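Trainee:
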Amino acid sequence: MDGLTLVRATAQDADVVFRLMQLYYFEASAWSGEEILADGLYDCALADVRARLQEEPEWTRLLWLDGQLCGFVQVDEVEFQGRRLPELADLFILPRHRGKGIASAVVAELVRPTAGEWLLATFRKDHVAHAFWERNLARMGMACSVPAGSEGTDFRLFLIRAI
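Just so you know, my numbering puts 167 at position 134 of the sequence shown, and the rest follows in order with no gaps.
1) Is Q101 closer than 8 Å to D123 when the C-beta atoms are compared?
2) Quick check on DSSP: helix, strand or coil for R94?
3) Please check the pair L118 and F105, which I expect to be a contact at CB under 8 Å, by giving their CB distance rounded to whole angstroms.
4) Look at the alpha carbon of G66 and the alpha carbon of D187, and state the distance between them as a whole number of angstroms.
5) When the distance is taken between beta carbons, is C177 closer than 8 Å to F156?
6) Measuring alpha carbon to alpha carbon, tell me which residue in V161, P180, A148 and N169 is nearest R194.
7) Which runs of the alpha helix (DSSP H) spanning at least 4 residues fall entirely within the region 159-188, listed in chain order?
8) May I ask you to verify whether the region 56-76 touches the region 38-45, counting CB pairs closer than 8 Å and requiring at least 3?
9) By Cβ distance below 8 Å, which residues in the same chain neighbour F86 in space, the five residues on each side in sequence not counted?
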């Protein structure tokens, strides 16, 4: 996508990542059940974000569209069914930038044919995200399967790979 850049966040970006994560948690609270804490923030500490950015520089990428910050994506490595897989853990696009193809471009940038399988999870109650992924993964050039045994969790899981 022209004008879109994914920039690895560093410890110096911790404040920005932290604020974006607060917006993400706010939006997700409608289906995640997450409660705001007494300090007015969601359960995400700035010190933890800073430490994670120092320890795992691949964890977060800030999304910029034509020079404007438009969201973030986080990638974790997880143990899943006896394998270590990259997980598209969190993808958050600011509301005014949605519908522009940013999510598709981010997935295409990260999940390449040489990257193998990735895990993608949505909250079971997040019907909008689930419908988005079901509708768009094939359009993004992704093969998708639903792993067995994931029905009893709070998440809907997909295994995806670029084809």
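Ideal placement from N, C-alpha and C gives every residue a C-beta, glycine not left out.
Computed from a prediction, not measured in an experiment: that's the story for all the values here.
Mentor: Let me lay it out:
1) no
2) strand
3) The pair is not a contact, with the Cβ atoms about 20 Å apart (cut-off 8 Å).
4) 11 Å
5) no
6) A148
7) 160-169
8) no
9) It should be pointed out that residue 86 corresponds to Leu in this sequence rather than to Phe. Here the set comprises A42, T43, A44, D46, A47, V50, W92 and T93.
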